[in-house]
Amino acid sequence: MANPKRSLWSPGLIVGLALLAVLTLIAIFAPMFLQDAANDLTDNRGLPPSSEHWLGTNNFGQDNLARVLVATRLTLLMTLAASAISIGFGLLIGIAIWLAPTKVREFSLRLLETMVAYPTLITALIIAAILQPGAMTAIIAMGVAGIPGFARVTANLAQQVTKSDYFVTAKFLGVPPSKLATRHMIPSMAEPLLVLSTTIFASTLVEISALSFIGLGVQPPQYDLGSLLNDSLDSLYTQPAEAVGPAVLIVVASIGAMLIGDALAAHANPRTTRVWSPRKPQGNPIDNTAQEDTALVRVEDLRVTMPGEGGGTELVHGVSFSIDPGEIIGIVGESGSGKSLTAMTVAGLAPDNLSINAERVRVGTMNMLSTPRPEELAKEISIVYQDPGTTFSPSLKMGGQLTEVLRKHANKGKKESRAIMADALERVGIDRPHDRLDQHPHELSGGMRQRAMISNSVVTSPSLLIADEPTTALDVTVQVDVLRQFRKLREKHGTAILFISHDIGVVQEFCDRVLVMEKGRIVEELQPDQIRTHDVSHPYTRQLLEAVPVLDVEQEIAATEKVRP
Ligand SMILES: Nc1ncnc2c1ncn2[C@@H]1O[C@H](COP(=O)(O)OP(=O)(O)OP(=O)(O)O)[C@@H](O)[C@H]1O
Numbered sequence: 001m002a003n004p005k006r007s008l009w010s011p012g013l014i015v016g017l018a019l020l021a022v023l024t025l026i027a028i029f030a031p032m033f034l035q036d037a038a039n040d041l042t043d044n045r046g047l048p049p050s051s052e053h054w055l056g057t058n059n060f061g062q063d064n065l066a067r068v069l070v071a072t073r074l075t076l077l078m079t080l081a082a083s084a085i086s087i088g089f090g091l092l093i094g095i096a097i098w099l100a101p102t103k104v105r106e107f108s109l110r111l112l113e114t115m116v117a118y119p120t121l122i123t124a125l126i127i128a129a130i131l132q133p134g135a136m137t138a139i140i141a142m143g144v145a146g147i148p149g150f151a152r153v154t155a156n157l158a159q160q161v162t163k164s165d166y167f168v169t170a171k172f173l174g175v176p177p178s179k180l181a182t183r184h185m186i187p188s189m190a191e192p193l194l195v196l197s198t199t200i201f202a203s204t205l206v207e208i209s210a211l212s213f214i215g216l217g218v219q220p221p222q223y224d225l226g227s228l229l230n231d232s233l234d235s236l237y238t239q240p241a242e243a244v245g246p247a248v249l250i251v252v253a254s255i256g257a258m259l260i261g262d263a264l265a266a267h268a269n270p271r272t273t274r275v276w277s278p279r280k281p282q283g284n285p286i287d288n289t290a291q292e293d294t295a296l297v298r299v300e301d302l303r304v305t306m307p308g309e310g311g312g313t314e315l316v317h318g319v320s321f322s323i324d325p326g327e328i329i330g331i332v333g334e335s336g337s338g339k340s341l342t343a344m345t346v347a348g349l350a351p352d353n354l355s356i357n358a359e360r361v362r363v364g365t366m367n368m369l370s371t372p373r374p375e376e377l378a379k380e381i382s383i384v385y386q387d388p389g390t391t392f393s394p395s396l397k398m399g400g401q402l403t404e405v406l407r408k409h410a411n412k413g414k415k416e417s418r419a420i421m422a423d424a425l426e427r428v429g430i431d432r433p434h435d436r437l438d439q440h441p442h443e444l445s446g447g448m449r450q451r452a453m454i455s456n457s458v459v460t461s462p463s464l465l466i467a468d469e470p471t472t473a474l475d476v477t478v479q480v481d482v483l484r485q486f487r488k489l490r491e492k493h494g495t496a497i498l499f500i501s502h503d504i505g506v507v508q509e510f511c512d513r514v515l516v517m518e519k520g521r522i523v524e525e526l527q528p529d530q531i532r533t534h535d536v537s538h539p540y541t542r543q544l545l546e547a548v549p550v551l552d553v554e555q556e557i558a559a560t561e562k563v564r565p
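The UniProt record's numbering applies: residue 1 is where the sequence shown begins, and numbers increase by one.
Following this line, the structure appears as structure tokens:
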């Protein structure tokens, strides 16, 4: 999904569109006005560049520049036609695969994988060699050769759509396949496919010119940029200017298309997968105020801005708070109120596209606006993310990923790290923990992955644990187990916790203090008792309290303590 706040009109897009607009104008008007200069045989053979013939003339006395400009039309038309074949059929096949029965789908996906292993140009060469050389052959060869690549990407994207709740529901309700494709699949995939289409256009242009260059594409008397390049070979040393024109136009056209593709890709939503990344350092990595300030975390006047016209959009408006060692602070607020941005900035992570400004963001002695040492960061701060699906790399086994921090930053050996992790997994209720370490993330359920992530974050006994809605996806019993783990961590190691939740019921007993956020501001700071007795002053907090059924965490923990040692 595109980010509406981010301007589409980047310099790259403007330059790319301008280049393609100029080429389109050339393609339209050059054949109307320069046909004679380009095609008429004259006695002015092999002239060097001059004010009359900017790129000189060829061996038949034809003006090289006029021929290049006239050839632009055929080159662009062939490229458009071949790209349309690749994109059209690729889209149909990619979608059909996911609407087909499982056996057909599996076979088609394997077939596509085999086909994409062959470079497009080789496939095109084989097709062009079988058919009679000519413009139509070049179009068919390039168009057909580009289908598997486009179909493969479409199939990958379509697979993600088929997993979405809205698609499953629509299928369940009996929406016919054609409607599933047009209403659900194509709109969801439109943006990445548009970006891919511009890349296909650029590569088709170069490859179709290559086919003509080697004599399998356009044949005389027709000519395109590739065949003009070929013509220039005979006199490359005596008349190099003849090669310059077609070469420059091929490069300019493909750069134009790539710039448009890049700009569209950059405009695509930067948080489709929620990626938090380290930021550019601001100031000294060590914050000396830690000596006189007993708080573990100190945030002063934090502002997070989405850059844009008119100074951009401020998403977090001057937030200040502190967390003492061992303190559990809750942040509650509705979706989009700035909870995650605030917490991730405290961890020194925030989306790249946002600008972060603050008087201070300190954790221990680390200035989180700068770049603290990675070993210190890994030991001092742990994060439990909202989405367990994206936390683990799908291609690596759980064991390698879960023991990484222990091995790298706590200097534990492989065996010892595995034993510590297996124990931690067992404590969050994961059965057969040793076997789990040898499994891949997809072999675990979402709830298990979430619990694995939680156990991973507590094994290093960090000073600060940032938990971004860690229990949202878990059932109540597991929620309680997890909260109990967090409590034990605080009791044993004095870990402070920044606990983000939508659910004021969960935070009320679990946290020592609760910050209520609304629209990027902390609107109220509450003691748990105030939540319990509804002694709150801000209308938004009252609304939150009225909206959420309250879970008595204390009671639940007490109840499960009785059954669990
Ligand atoms: N990378 C980004 N680019 C642009 N806007 C962003 C980005 N990240 C967050 N936002 C916007 O900032 C606001 C606060 O987002 P944030 O993720 O902090 O909310 P939240 O309170 O954690 O919500 P949720 O509970 O749904 O996760 C939202 O309007 C969100 O759309």
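Even for Gly, the Cβ is constructed at its ideal location relative to N, Cα and C.
Only residues of its own chain outside the window of five on either side were considered, and among them Ile504, Ile531, His534 and Val536 have a CB closer than 8 Å to the CB of Leu545, listed in chain order. The closest heavy atom of ligand 1 lies 7 Å or more from the beta carbon of Ser455. For His534, the distance from the CB to the nearest heavy atom of ligand 1 is not below 7 Å. Just so you know, the alpha carbons of Glu524 and Val476 end up roughly 27 Å apart. Considered as a whole, the stretch 8–48 harbours no complete run of any beta strand (DSSP E) with no fewer than 3 residues. For Lys339, the shortest C-beta to heavy atom distance toward ligand 1 is below 7 Å.
Residues Thr79, Ser83 and Ala257 of the same chain have their beta carbon placed closer than 7 Å to that of Phe201, with the five preceding and five following residues left out of the count. Counting along the chain, no beta strand (DSSP E) covers Gly429, and no H or E run does either. Here Gly226 has Thr75, Ile208, Ser209, Ala210, Leu211, Ser212, Phe213, Gly217, Val218, Pro246 and Ile250 as same chain residues with Cβ atoms under 8 Å from its own Cβ, once five neighbours each way along the sequence are excluded.
Secondary structure at Ile286: strand, using DSSP grouped into helix, strand and coil. Cβ-Cβ separation between Ser197 and Gly146: approximately 10 Å, too far for a contact (criterion under 8 Å). Counting only runs of at least 4 residues, the stretch 88–118 fully encloses the following alpha helix (DSSP H) elements, listed from N- to C-terminal order: 102–116. Ligand 1 never approaches Pro470 closely enough for any of its heavy atoms to be under 7 Å from the residue's Cβ. With a minimum length of 3 residues, the unbroken runs of beta strand (DSSP E) contained wholly in the stretch 405–472 fall at 464–468. Annotation: the continuous beta strand (DSSP E) that includes Glu300 extends over Val297 to Met306.
The alpha-carbon of Thr137 is positioned some 6 Å away from that of Leu131. With fewer than 16 other Cβ atoms from the protein chains shown falling within 10 Å of its own Cβ, Tyr118 counts as exposed. For Gln450, the closest alpha carbon among the candidates Asp438, Ser463 and Ala467 is that of Ala467.
When only Cα atoms are considered, Met366 and Leu99 end up about 52 Å apart.
In this structure Val363 touches Leu296 by the C-beta definition: roughly 7 Å separates them, less than 8 Å. Around the beta carbon of Lys103, a 10 Å sphere encloses fewer than 16 other beta carbons of the protein chains shown; the residue is thus reported as exposed.
With respect to Val244, Leu55 sits close: the two C-beta atoms are nearer than 8 Å. Not one heavy atom of ligand 1 is found less than 7 Å from the C-beta of Gly330.
Taking a C-beta distance under 8 Å as the contact criterion, Ala358 and Asp301 qualify as a contact pair.
Straight-line measurement puts the Cα of Ala181 at about 38 Å from the Cα of Ile26. Taking a contact to require three or more Cβ pairs closer than 8 Å, the stretch 417–436 and the stretch 452–471 qualify as touching. Here Glu52 is not bridged, per DSSP, to any residue.
A buried status is given to Lys339, since no fewer than 16 other beta-carbon atoms sit within 10 Å of its beta-carbon.
Tyr237 sits exposed, since fewer than 16 C-beta atoms from the chains shown fall within 10 Å of its C-beta. Boundaries of the alpha helix (DSSP H) harbouring Glu509: Ile504 to Phe510, taken from the DSSP string.
Of Gln222, Val175 and Ile95, the smallest CA-CA separation from Arg73 is found for Gln222. Distances from the CB of Leu354 to the heavy atoms of ligand 1 include at least one below 7 Å. Of the residues Val482, Ala378, Gln35 and Glu334, the one whose Cα lies closest to the Cα of Leu349 is Ala378.
Between the stretch 90–98 and the stretch 142–162 there are three or more C-beta pairs closer than 8 Å, enough to call the two in contact.
Around Arg360, the same chain offers Arg298 and Glu300 as residues with beta carbons nearer than 6 Å, after the five sequence neighbours per side are excluded.
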